[in-house]
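Here's the structure, in structure tokens; my notes come after.
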Amino acid sequence: MTDSPRQDTKRQRDLKLELTWVGKDHRPRLEPRILLEDPTRNYHAAARVTEADQFENMLIFGDNLLALQSLATDPKVKGKVKCIFIDPPYNTGSAFEHYDDGMEHSLWLSMMRERLELLDELLTEDGSLWISLDDNEVHYLKVLCDEIIGRRNFLANIVWQSKDTPGNNSSGIAQTPDGLTQSMRKRPR
86 MTDSPRQDTK
96 RQRDLKLELT
106 WVGKDHRPRL
116 EPRILLEDPT
126 RNYHAAARVT
136 EADQFENMLI
146 FGDNLLALQS
156 LATDPKVKGK
166 VKCIFIDPPY
176 NTGSAFEHYD
186 DGMEHSLWLS
196 MMRERLELLD
206 ELLTEDGSLW
216 ISLDDNEVHY
226 LKVLCDEIIG
236 RRNFLANIVW
246 QSKDTPGNNS
256 SGIAQTPDGL
266 TQSMRKRPR
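Here our numbering is used: the first residue of the sequence shown is 86, the next is one more, and so on.
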């Protein structure tokens, strides 16, 4: 009798350390989308100065998951992106006009997993992924990146402090970092 694909997946999971959460196995069903250019929003130079000038950059307005799915299925883009920077919701509970920054932790992890898997498909073999977060979710994100992109591809955490951040002279321990940037670089598997 042959094992089902589900049993094989479970057996593979049992062999490695992974981050788990409620709803991890639930995947959103996304309808295919086509990106359409809006010439009124083009911001590149009117003419090339040299043959090395790049005119293929894109600024995409809309839902980022649907846009990433469209890019990941486009042979002109898939596997050809050299550098990606994302600034996801820090999940601090703050109110913002354009996105929810107070998601339940398991929903935040699911949201990030879907995007990281698509971003991984976009990167070149030597491409890099830069992610800006704070202490609220960065450690979970690190484990999630290890699972999706590979632990050996982690480069560094970069911590920075702005001049407006309170120093360590408060009555308790000051939370000084304004941002933690995770740097991942794909390496040949």
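Heads up, the beta-carbon is just placed ideally off N, CA and C, and yes, glycines get one too.
If you compare the alpha carbons of 157, 227, 134, 141 with that of residue 218, the shortest gap goes to 227. Separation of residue 127 and residue 141 (C-alpha to C-alpha, rounded to the nearest whole angstrom) is 11 Å. When 244, 243, 155, 170 are compared, the shortest CA-CA separation from residue 121 is found for 155.
Between the C-alpha atoms of residue 160 and residue 209 there is a straight-line separation of about 12 Å.
Here residue 202 carries a helix assignment [DSSP, helix/strand/coil]. In this structure, the beta-carbon distance from residue 234 to residue 173 does not fall below 8 Å. Contact between the stretch 105–117 and the stretch 185–200 is present, with at least three C-beta pairs closer than 8 Å. Between residue 191 and residue 106, the C-beta spacing is below 8 Å.
Inter-residue distance for residue 167 and residue 211 is about 7 Å (C-alpha atoms, whole angstroms). By the neighbour-count criterion, in which a residue is buried when 16 or more other Cβ atoms sit within 10 angstroms of its Cβ, residue 189 is exposed.
Contact check for residue 175 against residue 136 fails: the beta carbons are separated by 8 Å or more. Per DSSP, residue 229 lies in no beta strand (DSSP E) segment; the continuous alpha helix (DSSP H) that holds it begins and ends at 223–230.
Leaving aside the five residues that flank residue 169 on each side, the residues in its chain whose CB is nearer than 8 Å to its CB run, in chain order, 204, 207, 208, 212, 213, 214, 215. Taking all protein chains shown into account, residue 194 has 16 or more neighbouring C-beta atoms within 10 Å of its C-beta and is therefore buried. With a contact defined as Cβ atoms closer than 8 Å, residue 270 and residue 240 qualify at about 5 Å.
For residue 242, the three-state secondary structure derived from DSSP is strand.
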